[in-house]
Amino acid sequence: MNSYSTNGKLVRDRIPQIIRDGGAEPVVYIADREEYRSRLRDKLGEEVAEFLAAGADTAPEELADVLEVVHALAADLGVDGDQLEKIRAAKAGERGGFSDRIIWTGNR
Numbered sequence: 001m002n003s004y005s006t007n008g009k010l011v012r013d014r015i016p017q018i019i020r021d022g023g024a025e026p027v028v029y030i031a032d033r034e035e036y037r038s039r040l041r042d043k044l045g046e047e048v049a050e051f052l053a054a055g056a057d058t059a060p061e062e063l064a065d066v067l068e069v070v071h072a073l074a075a076d077l078g079v080d081g082d083q084l085e086k087i088r089a090a091k092a093g094e095r096g097g098f099s100d101r102i103i104w105t106g107n108r
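Numbered by the working numbering, the letters in the sequence shown go through residues 1 to 108 in order.
In structure tokens form, the structure reads like this:
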């Protein structure tokens, strides 16, 4: 079981200052590495759910939030954006992407 509090959630770096600018004082703490990794995974699920629920007008913004979390997860694993793109491109070169919209239903 995790030793960190179940209260709160991971927020973007500037959120505490934005709250202060709005006249309130945020209550925050800095997560240790283990908690940060766990909270990033939670945040990914949260952002994916928001993307899936979004309408066409907000979907690009929600998808950008997913991408921000993916980049943070990669950085936590020691992978920068260029490396992540190389890995993605290699997999696409080997197995393809998703642009052909192929649905597999099994084998005969």
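Note that CB positions come from ideal geometry on N, CA and C, so glycine has one too. Since the model is a prediction, treat every value here as computed from it, not as a measurement.
Beta-carbon proximity check, residue i vs residue j, cutoff 9 Å
| i | j | result |
| --- | --- | --- |
| Val-66 | Leu-44 | yes |
| Leu-52 | Ala-31 | no |
| Glu-62 | Ala-54 | yes |
| Arg-33 | Pro-26 | no |
Alpha carbon of residue i to alpha carbon of residue j, nearest angstrom
| i | j | result |
| --- | --- | --- |
| Ile-15 | Glu-68 | 15 Å |
| Asp-100 | Pro-60 | 21 Å |
| Asp-76 | Ala-24 | 31 Å |
| Glu-50 | Gly-8 | 18 Å |
| Arg-108 | Phe-98 | 23 Å |
| Ile-102 | Arg-88 | 19 Å |
| Leu-73 | Gly-81 | 11 Å |
| Glu-94 | His-71 | 23 Å |
| Gly-96 | Ala-90 | 9 Å |
| Leu-40 | Trp-104 | 31 Å |
| Thr-58 | Val-48 | 13 Å |
| Gly-78 | Gln-17 | 28 Å |
Residue range of the unbroken alpha helix (DSSP H) whose run includes residue i
| i | result |
| --- | --- |
| Glu-35 | 33-53 |
| Asp-76 | 59-76 |
| Arg-20 | 15-21 |
| Asp-88 | Just to set this straight, residue 88 is Arg in the shown sequence, not Asp. Segment 81-95, the alpha helix (DSSP H) holding Arg-88. |
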